[in-house]
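Using this note's numbering, read the first sequence as starting at 137 and increasing by one per residue. Taking it in order: structure first as structure tokens, then the write-up.
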Amino acid sequence: MTTIRTRYAPSPTGYMHVGGVRTALFAFLLARQNNNGRFILRLEDTDQKREVEGSAEHLIKSLNALGISYDEGPDIGGDFAPYKQSERLDIYKNWAQKLIDAGRAYADPYTGDEIQAFRDQARAAKQPFLYRNHRPENPPVWNGTTPLRFKSDPKTYAWYDEVMGRLTTGPEVIDDFILIKTDGFPTYNFAHIVDDAEMKITHIIRGQEFISSQPNYLNLYEALNLDHPIFATVPHIMADAGNKKLGKRDGAKDVLEYIKDGYLPETLINFIASMGWNDGTEQEIFSMDELIAKFSLDRVQRSGARFDEKRLLWMNGQWIRKLSLDDLYERVANFWPEAAESASLDYKKQVLAMVQDRLKVLSELPLLSSYFFEEPTPDWTMISNNKQLSKLSNDEILSFLDSAQNALLNCDHNPEAVQSTLNELLETTGQKPGILFSLIRLAVSWAPFSPALNETIAVLGKDKVQARLKLAIEIANNPTK
RNA sequence: GGUCUCAUCGUCUAAUGGUUAGGACACCAGGUUUUCAUCCUGGCAAUCCGGGUUCAAUUCCCGGUGAGAUCACCA
């Protein structure tokens, strides 16, 4: 069996979004599940006008962040370097010359306006426009100042696509397309075929937008006397709303943005893979290693999938909970509230352990933990708006807070001891936990939600708990609250 | 408009010529000594429509309809 070589071949014209990640991921998985498989990154920078500064770096950064590693690429080289099409112009010229010599390419003598006129004509006649209907009889010798066109050989095609199955088209879709532009750069249509051949690519995985040009590529493979690689067409990912392909305009987020928001690479990989692929079981959570082991093109969905942010959020929570505390600790390094800067490693880990079950994205960490690091601002409306607490008289509140302060003063601040102290408090006050614990919870955190009360108190420590209870008592004593 | 493709709960999906059409997200209800979350239990919810083949069709075939892609000196 020949070595599998797949590639991801983006054009550096913007940031990397989830659609691109999925194409790259599938190609990567396919290469990785074979012992000697290779995954290649190739930059298709043949459109100088659309090129966006920094997007190649962004692309590479995104792949790295997600753990989609490549074996050959523009920044790391490889046996078939260079991996940037703009540095391969001579190669395309050579291949173009072969076509010219074989009578399969010719100089396009028309101006843009002239071609547009043909197009309008066809449209007026309600006919599909085909350039080859206007093929010049005696084209000039190509000198690089005009586009070079492929002289197609229209015919019927049937081919197999690993995802889509058997596909067929008629000769009407075959046309003379441009191989080399007037700026001397090849078109995608030409360059990718040459490069895939030169780089010995065995599988082409790409988005649905290329499926309609596939027969033209087949025609070109024939003209170049090349065996074509195996094709796999992956359906589009649709935007959350509407029925459009997910693109920049639909608010498709840059994948690095998801990372910055505190989505784990594991989540992104898992989620993107499972949009359009599953292994036929009820498993939802897949690690990269599992994906490598289980992925197969014939289980890729044929229809487009919608990007569901809520499911992504759920999945991120799942992955966060799977992490060991130490691992999670490393990953939240940049997400702590500012006030946590001076806190000890040990203290931060204790806090983190408590909020691990509550985090859905790492960026929520400050929201969930700030009162562990700085004094919260008391907000008495949290008590007065509470269904149960609002029924208490001020004297009752004072008495409960006072009892709590006293009881906790002589209590070791570890979760077990605090819990038994709290339990005793329930008995001595004769209150239900819903009332007493809510009150204490608010007095020590002033947060809409917090971890288990005994743990919270234990981690905060006696000094902070006493001070906060004292402050709450002062406020309760002050009628203007 | 031409060409190609696709079609199962709101969403991601599983399955099969015979099933109570399964799971997950979301949503709703209940439970776990406070809150939020986790976790657990339960609930709601789908085979686009019409023909045909068949004892039997969501599954195979045909036709509609709907959706997507493409028709560039973009990839």
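Glycine included, every Cβ here is placed at the ideal spot set by N, Cα and C. Just so you know, these numbers come straight off a predicted model, no measurement behind them.
TODO: Indicate whether residue 443 and residue 157 have their beta-carbon atoms separated by less than 8 Å.
DONE: Here the question's residue 443 lines up with position 307 in the first sequence. Here the question's residue 157 lines up with position 21 in the first sequence. Cβ distance not < 8 Å, so residue 443 and residue 157 don't count as in contact.
TODO: Can you give me the Cβ contacts of residue 507 inside the same chain, cut-off strictly under 7 Å, excluding the 5 residues immediately before and after it?
DONE: One-based indexing of the first sequence puts residue 507 at position 371. For residue 507, where only same-chain residues beyond five positions count, the Cβ hits under 7 Å are 581, 582, 583.
TODO: Would you kindly check if the distance between the Cβ of residue 405 and the Cβ of residue 161 is under 8 Å?
DONE: Taking the first residue of the first sequence as 1, we reach residue 161 at position 25. Taking the first residue of the first sequence as 1, we reach residue 405 at position 269. It is a contact, given that the beta carbons lie within the stated cut-off.
TODO: Give the secondary structure of residue 268 by DSSP, where H, G and I count as helix, E and B as strand, and everything else as coil.
DONE: Taking the first sequence and counting its residues from 1, the one referred to as residue 268 is at position 132. Residue 268: helix per DSSP, three-state reduction.
- [ ] For residue 324, I'd like the list of residues in its chain whose CB is within less than 7 Å of its CB, leaving aside the five on either flank, ordered along the chain.
- [x] For this step, residue 324 is matched to residue 188 along the first sequence. Cβ neighbours of residue 324 beyond the five flanking positions: 180, 182.
Open item on the list: Using the Cβ count rule (16 or more neighbours within 10 Å means buried), how would you classify residue 193?
Closed with: As a position in the first sequence, residue 193 is number 57, starting the count at 1. Classification of residue 193: exposed, given that the 10 Å Cβ count is below 16.
Task: Three-state secondary structure assigned by DSSP to residue 383 - done: Locating residue 383 in the first sequence gives position 247, where the first residue counts as 1. Residue placement at residue 383 is poorly supported in this model, since its pLDDT is 48, which falls under 50; the coordinates still yield a value, given next. The answer is coil: DSSP assigns residue 383 none of H, G, I, E or B.
Open item on the list: Considering Cα atoms alone, identify which of 579, 590, 143, 344 is closest to residue 167.
Closed with: Within the first sequence, the letter at position 31 stands for residue 167. When each option's Cα is compared against that of residue 167, the closest is 143.
Task: Test item: CB-CB of residue 469 and residue 509 under 8 Å - done: Residue mapping note: residue 469 aligns to position 333 of the first sequence, counting from 1. Residue mapping note: residue 509 aligns to position 373 of the first sequence, counting from 1. Not in contact: residue 469 and residue 509 (Cβ atoms no closer than 8 Å).
Task: Local Cβ density within 10 Å of residue 417, reported as buried at 16 or more and exposed below that - done: Counting from 1 along the first sequence, the entry for residue 417 is found at position 281. Counting Cβ neighbours within 10 Å, residue 417 comes out exposed, since fewer than 16 surround it.
- [ ] Decide if residue 326 is buried, meaning its Cβ has at least 16 other Cβ atoms within 10 Å, or exposed.
- [x] As a working mapping, residue 326 is identified with position 190 in the first sequence. With 16 or more other Cβ atoms within 10 Å, it is buried.
TODO: Determine the burial state of residue 461: buried for a count of at least 16 other Cβ atoms within 10 Å of its Cβ, exposed for fewer.
DONE: The residue given as residue 461 occupies position 325 in the first sequence. Answer is exposed; the Cβ neighbour count stays below 16.
TODO: Measure the alpha-carbon distance for residue 299 versus residue 344 and round it to whole angstroms.
DONE: Here residue 299 corresponds to residue number 163 of the first sequence, with the count starting at 1. Here residue 344 corresponds to residue number 208 of the first sequence, with the count starting at 1. Straight-line Cα distance between these residues: approximately 11 Å.
Open item on the list: Tell me the rounded alpha-carbon separation between residue 450 and residue 178.
Closed with: What you label residue 450 is simply residue 314 of the first sequence in a count that begins at 1. What you label residue 178 is simply residue 42 of the first sequence in a count that begins at 1. Spanning the two alpha carbons is a distance of roughly 34 Å.
Task: Buried/exposed call for residue 330, threshold 16 Cβ in 10 Å - done: Position 194 of the first sequence holds residue 330. With 16 or more Cβ atoms within 10 Å of its Cβ, residue 330 is classed as buried.
Task: Beta-carbon proximity of residue 400 to residue 337, cut-off 8 Å - done: Position 264 of the first sequence, counted from the first residue, corresponds to residue 400. Position 201 of the first sequence, counted from the first residue, corresponds to residue 337. Going by C-beta atoms, residue 400 is not nearer than 8 Å to residue 337.
- [ ] Could you work out which residue in 579, 293, 244, 290 is closest to residue 318 when comparing CA atoms only?
- [x] In the first sequence, the residue the question calls residue 318 occupies position 182. Distance from the Cα of residue 318 is smallest, within the candidate group 579, 293, 244, 290, for 244.
- [ ] Look at the alpha carbon of residue 599 and the alpha carbon of residue 392, and state the distance between them as a whole number of angstroms.
- [x] As a first step, residue 599 must be located in the first sequence, where it is residue number 463. As a first step, residue 392 must be located in the first sequence, where it is residue number 256. Approximately 41 Å, taken between the alpha carbons.
Open item on the list: As an exercise, report each continuous alpha helix (DSSP H) stretch of at least 4 residues that is fully enclosed by the stretch 182–219, in chain order.
Closed with: Here the runs fully enclosed are 191–202.
Task: residue 340 vs residue 365 beta-carbon contact at 8 Å - done: Position 204 of the first sequence holds residue 340. Position 229 of the first sequence holds residue 365. Yes; because the gap between Cβ atoms is below 8 Å, this pair is in contact.
Open item on the list: To the nearest angstrom, how far is the alpha carbon of residue 603 from that of residue 452?
Closed with: As a working mapping, residue 603 is identified with position 467 in the first sequence. As a working mapping, residue 452 is identified with position 316 in the first sequence. Answer to the nearest angstrom: the Cα atoms are 37 Å apart.
Open item on the list: Quick check: the Cα distance between residue 380 and residue 607, rounded to an integer number of angstroms?
Closed with: Along the first sequence, read from residue 1 onward, the residue named residue 380 stands at position 244. Along the first sequence, read from residue 1 onward, the residue named residue 607 stands at position 471. At residue 380, the pLDDT of 47 sits below 50, so the modelled position is not reliable; the number obtained from the coordinates is stated separately. Near 56 Å, if we compare the C-alpha coordinates of residue 607 and residue 380.
TODO: Have a look at the DSSP bridge pairing and note the partners of residue 582.
DONE: The residue given as residue 582 occupies position 446 in the first sequence. Beta-bridge partners of residue 582 (DSSP): none assigned.
Task: Three-way DSSP call (helix, strand, coil) for residue 378 in this model - done: Counted from its first residue, the first sequence places residue 378 at position 242. With a pLDDT of 47 at residue 378, under the threshold of 50, the modelled position of that residue is not reliable, and the figure given next carries that caveat. Residue 378 falls in the coil class under three-state DSSP.
Open item on the list: Extract the residue ranges of the beta strand (DSSP E) inside the stretch 222–271, only unbroken runs of 3 or more that lie entirely within it.
Closed with: 241–243
Task: Option nearest residue 501 by Cα separation, candidates 487, 577, 314 - done: Numbered from 1 along the first sequence, position 365 holds the residue referred to as residue 501. Residue 487 is the option with its Cα nearest to residue 501.
Open item on the list: Along the chain, where does the beta strand (DSSP E) containing residue 343 start, and where does it finish?
Closed with: If you number the first sequence from 1, residue 343 lands on position 207. Counting along the chain, the beta strand (DSSP E) containing residue 343 begins and ends at 339–343.
Open item on the list: I'd like to check one pair, residue 534 with residue 614: are the Cβ atoms closer than 8 Å?
Closed with: Residue mapping note: residue 614 aligns to position 478 of the first sequence, counting from 1. Residue mapping note: residue 534 aligns to position 398 of the first sequence, counting from 1. Contact flag unset, no.
Open item on the list: For a test of the three-state rule: what should DSSP assign to residue 479, helix, strand or coil?
Closed with: If you number the first sequence from 1, residue 479 lands on position 343. Looking at residue 479 - three-state DSSP - the assignment turns out to be coil, as it is neither helix nor strand.
Task: CB contact flag (residue 496, residue 465, <8 Å) - done: Taking the first residue of the first sequence as 1, we reach residue 496 at position 360. Taking the first residue of the first sequence as 1, we reach residue 465 at position 329. No, Cβ-Cβ distance for residue 496 and residue 465 is not below 8 Å.
Open item on the list: For the beta strand (DSSP E) containing residue 516, name the first residue and the last one.
Closed with: Within the first sequence, the letter at position 380 stands for residue 516. First-last for residue 516: undefined, no H or E at that position.
TODO: Evaluate contact between the stretch 526–545 and the stretch 429–443, counting only Cβ atoms and requiring at least three cross-stretch pairs below 8 Å.
DONE: no
Open item on the list: Is it buried or exposed, residue 369, if we count other Cβ atoms within 10 angstroms and call 16 or more buried?
Closed with: The residue you call residue 369 lines up with position 233 of the first sequence. Counting Cβ neighbours within 10 Å, residue 369 comes out buried, since at least 16 surround it.
TODO: Verify whether the separation of the beta carbon atoms of residue 188 and residue 139 is less than 8 Å.
DONE: Numbered from 1 along the first sequence, position 52 holds the residue referred to as residue 188. Numbered from 1 along the first sequence, position 3 holds the residue referred to as residue 139. No, these two residues do not count as a Cβ contact at 8 Å.
Task: Proximity below 8 Å, CB of residue 288 to CB of residue 398 - done: Stepping through the first sequence from its first residue, residue 288 is reached at position 152. Stepping through the first sequence from its first residue, residue 398 is reached at position 262. Going by C-beta atoms, residue 288 is not nearer than 8 Å to residue 398.
- [ ] Determine the contact status of residue 264 and residue 316, defining contact as a CB-CB distance below 8 Å.
- [x] For the purposes of this step, residue 264 is identified with residue 128 of the first sequence, where counting begins at 1. For the purposes of this step, residue 316 is identified with residue 180 of the first sequence, where counting begins at 1. For residue 264 and residue 316, no; Cβs fall outside 8 Å.
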